[in-house]
Every structure is written in C-alpha cells, then in structure tokens.
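In what follows, a structure is listed as structure tokens, so that the remarks can point back to it.
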Amino acid sequence: MSGILSKFGINAGLNAQTVHLVGVILTVFAIVGSTIGIVSATPVGDELSSAMGIVHKTRQKPFDREARNDLKNERQVKWAGYQVISPTEIRVFFPAGTETCYGYRAETSETATSVKVRVYEGNIPGSPDKCILIGSTASMKVTLQSPLGARLLQNW
67 MSGILSKFGI NAGLNAQTVH LVGVILTVFA IVGSTIGIVS ATPVGDELSS
117 AMGIVHKTRQ KPFDREARND LKNERQVKWA GYQVISPTEI RVFFPAGTET
167 CYGYRAETSE TATSVKVRVY EGNIPGSPDK CILIGSTASM KVTLQSPLGA
217 RLLQNW
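The following block contains the structure:
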C-alpha cells in the first residue's frame, strides 16, 4: 500500500483508515454530484423530479383541469412543473388519469418565505368502477393569497 501511495506523492505514513475515509468521502461527493446532475437534466414532470419534491419553471403547453370539491378516495399527487401566470396565480403540472374517472383540486399553505402547493386526485361522482390506465400530464391554475415574488415554491 505504501508503494502505491508514494507513487502519487502521498505520505506513506497515512494509515489505512485515513485512506479509506478519504475514499468514502470522495465517493459520496461523486454520487451527490451525479444525482444533482441527473435531476437538473431531468425533463419537467419526470418521475424522478417529482419524487424528490423538486419543482421547476416550465414551458409545457397547459391542459388545465378545473378544481373539484366532490372527489372520492382522494390521494396526493406530486407535481413538478409550474408557470407563473400573474403575481398571484400559478399553474402547476402533474401526472393525471382520464377525465371520465379522475378529478383534481389543490390546497396552498403560504408564509412570508414560501408557498406550498398540494394537488389531490380523486374519483369523480358517477365514474366507472374500473378505469383505464392512460397516463398524461395535466395542469391546474392555483390562486395565491399574496404575490409569489421571490418566495420558495414547493410540493407540500
């Protein structure tokens, strides 16, 4: 081991634990750097970005769904893309099912430094017992109490 270390100008007096620790640290940095690179290169709405709670501005074509308050069996849907429509209105993009089966609504939580948006999906009244699995991307307009400004926008 000391022969290999000395070839690279590393003090052969370093013990194996120190060398191992340095290797582990460099490996962690490489993994974190790769992950950040993958996430930043991931298209908006991609499962990876959504699962990690990362949101991005997008130029996607909107396919707005109207918010509903009559949903059954609601579950949270992670969204990843957004557009600023006006200072107090945004549009969020999320994975969606068929319009004959599923409806959506959004909730917000606002502070001086952040805006959190949660999108819910649920069955609409009169929907079939069995729905076909066709995935698409939908969008929804969300009205804010105060202008978004420089506040952090995130999944809730």
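Per this note's numbering, the very first residue in the sequence shown carries number 67; after that it's consecutive.
Glycine included, each C-beta is placed from N, C-alpha and C at the ideal position.
Everything numeric in this text was worked out from a predicted model, so none of it was measured.
The segment 133-148 makes contact with the segment 159-177; the number of CB pairs closer than 8 Å reaches 3 or more. Per DSSP, the continuous beta strand (DSSP E) segment holding residue 151 begins and ends at 147-152. For residue 159, the closest of 215, 173 and 207 by C-alpha to C-alpha distance is 207.
The segment 151-176 contains no complete alpha helix (DSSP H) run of 4 or more residues. Here the alpha carbons of residue 148 and residue 221 stand approximately 11 Å from one another.
Within the same chain, 164 come within 7 Å of residue 198 by CB-CB distance, once the 5 residues on both sides are set aside. Under DSSP, the beta-bridge partners assigned to residue 202 are 162. Under the 10 Å beta carbon count, residue 204 is surrounded by 16 or more other beta carbons and is classified as buried.
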